[in-house]
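See structure below.
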Amino acid sequence: MSTTVPVSVSDARDQLASIIDRARTEHQPVFLSRRGRRVAAVIDVDDLERLIELAEDMADIRAAEESREEMRRTKSEPTPWEQVKADLGLV
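Just so we're on the same page, the working numbering is the position in the sequence shown counted from 1, plus 205.
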């Protein structure tokens, strides 16, 4: 978590180019504040894309864990891969 002091939205208007450069070079979000509360952040696009990928991976991991837990709870067996492909018309 960044410990830098947030930039007020009104100051950010005048400093937008330097804020963007800072986010890109430091690979740390630059937080924007309004009335003393953080309301937004400027983040490098490559960092954002990595975060999105990680979030999607984590969602997949959680879904798999939930499926395994449901299988344990219901004592059901996984569907064989060949059956899944057949059901999807991929065979």
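Where is the CB? At the ideal position from N, CA and C, for every residue including glycine.
Alpha-carbon to alpha-carbon, VAL235 and ARG227: Spanning the two alpha carbons is a distance of roughly 8 Å.
Start and end of the alpha helix (DSSP H) containing ARG273? 250 to 279
Starting from ARG239, follow the alpha helix (DSSP H) in both directions and report where the run begins and ends. It is not in any alpha helix (DSSP H) - ARG239 instead sits in the beta strand (DSSP E) that spans 235 to 239.
Assuming VAL211 and ARG243 make a contact with CB atoms under 8 Å, what is their CB distance in whole Å? First, the residue type needs correcting, since residue 211 is Pro and not Val in the sequence shown. Rounded, the Cβ-Cβ distance is 5 Å, consistent with contact.
Are the CB atoms of MET276 and PRO283 nearer to each other than 8 Å? yes
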